[in-house]
Structures are given as C-alpha cells and as structure tokens.
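K.L.:
Numbering-wise (the working numbering), the sequence shown opens with residue 478 and increments by one.
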Amino acid sequence: MVQLSSDDQTLFDAAEAVRAKAYAPYSGFSVGAAILADDGKIYAGCNVENAAYPVGNCAEPSAIAAMLAGGGKRIEKIFVTGPGASPVTPCGGCRQRIREFASAETPIICLGVEGEPLHTTLGELLPHSFGPEFLGR
Ligand code: THU
Numbered sequence: 478m479v480q481l482s483s484d485d486q487t488l489f490d491a492a493e494a495v496r497a498k499a500y501a502p503y504s505g506f507s508v509g510a511a512i513l514a515d516d517g518k519i520y521a522g523c524n525v526e527n528a529a530y531p532v533g534n535c536a537e538p539s540a541i542a543a544m545l546a547g548g549g550k551r552i553e554k555i556f557v558t559g560p561g562a563s564p565v566t567p568c569g570g571c572r573q574r575i576r577e578f579a580s581a582e583t584p585i586i587c588l589g590v591e592g593e594p595l596h597t598t599l600g601e602l603l604p605h606s607f608g609p610e611f612l613g614r
C-alpha cells in the first residue's frame with residue numbers, strides 16, 4: 478500500500494481494529510469505518526449482519542452511532558476498509574448517512590486492504606445531495 482500520512486495511518490489502524498470484530502457471517506465481507514470527529518477523537522464501527530438479511534447494518538452507521546454516543550457531532554474525515562483490492566466505497570445509503578454529519582469537502586478514504594487507497598470526498602461520492610439545510614437546519 479502507498480504511504481499514508483500519520484493521521485490517516487491512525488484512522489486506518491482504528492478501522493482495521495474494528496473490522497476484525499465485524500459480524501459478517503453471511504457475506505464474509507467484513508468492513509471497518511473510523512471517523513475523525515470534530516472533538517478530535519476517533520470513533521469506529523463495523524458491519525453487523527443479521528439472519529434476516531435486510532436488517533443488517535453497514536460499518537459507517539455503526540461508526541456514526543459511536544461518534545454521537547461519545548460526544549462527537551461532526552465528521553471531519555472517515556476511513557473505510559474492507560477486503561479485496563478494490564477501494565471499499567460507502568454504499569448509497571451510507572453516503573446519505575455520512576451527509577447528515579459532514580460537508581461536501583469532507584475527505585473519505587476508501588480501501589480494499591489488498592489494494593491502494595482512494596482519496597475522495599463526500600461531494601464527489603454524493604453530488605447535488607439533499608441535507609439538513611434544506612429543512613432549515
Ligand atoms: N458494507 C458496509 O459495511 N459498508 C459499505 O458501505 C458497503 C457494504 C457491508 C454490508 C454487508 O454486511 C457487507 O458489507 C456486504 O455487502
């Protein structure tokens with residue numbers, strides 16, 4: 478893998494640590510997400526699958542829930558890791574969930590651990606998005 482900045486390496490390490498705890502017996506596709514929040518802390522979460530497939534959770538909402546529970550309010554950066562060589566990008570629903578707590582400029586780093594990281598932003602992954610300000614927030 479190409480060299481990561483030390484901040485990104487810290488996020489990667491957190492995403493990988495939580496990915497090892499993922500509950501993904503059905504897909505075998507373990508995902509970890511680590512958020513650097515506005516309070517300077519890192520919050521991580523993994524995917525949680527379910528025998529009733531549609532009610533499984535992705536890693537990103539788990540990390541968002543950890544952030545809110547821990548006192549963070551905004552996503553400054555998020556790192557998503559998963560298997561394989563292709564960057565593991567947030568699914569469509571997760572892009573919208575990230576949108577609630579981030580801006581178009583928020584960096585998102587996506588990695589399949591056998592490949593190279595994709596450095597992108599929420600605005601690139603979810604252009605022309607709908608968010609809280611449309612509702613006066
Ligand atoms: N998954 C995530 O956790 N995040 C994503 O953004 C992509 C998909 C999980 C959901 C499911 O448990 C597994 O990966 C296979 O889709």
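Just so it is clear, CB atoms sit at the ideal spot from N, CA and C, and this is done for glycine as well. Source: prediction; values computed, not measured.
On the DSSP letters alone, give me the boundaries of the alpha helix (DSSP H) that G600 sits inside.
P.N.:
Stepping through the sequence shown from its first residue, residue 600 is reached at position 123. Counting along the chain, the alpha helix (DSSP H) containing G600 begins and ends at L599 to L602.
K.L.:
Let me check one thing: in DSSP terms, what residues is N534 bridge-paired to?
P.N.:
Residue 534 sits at position 57 when you count from the first residue of the sequence shown. DSSP lists V525 as partners of N534.
K.L.:
Can you tell me whether F506 sits near the ligand THU, meaning its C-beta is under 7 Å from at least one heavy atom of the ligand?
P.N.:
Against the sequence shown, residue 506 aligns to sequence position 29. F506: yes, Cβ under 7 Å from the ligand THU.
K.L.:
Quick one: using the 10 Å Cβ neighbour count with 16 as the cut-off for buried, is L488 buried or exposed?
P.N.:
Locating residue 488 in the sequence shown gives position 11, counting from the first residue. With 16 or more Cβ atoms within 10 Å of its Cβ, L488 is classed as buried.
K.L.:
Alpha carbon to alpha carbon, how far is P560 from S482?
P.N.:
If you number the sequence shown from 1, residue 560 lands on position 83. If you number the sequence shown from 1, residue 482 lands on position 5. About 21 Å.
K.L.:
Taking only the alpha-carbon atoms, compute the straight-line gap between F501 and I541 and give it to the nearest angstrom.
P.N.:
Sequence index remark: in the sequence shown, residue 501 carries index 24 (1-based). Sequence index remark: in the sequence shown, residue 541 carries index 64 (1-based). Checking the displayed sequence, the identity of residue 501 turns out to be Ala instead of Phe. One C-alpha to the other measures close to 19 Å.
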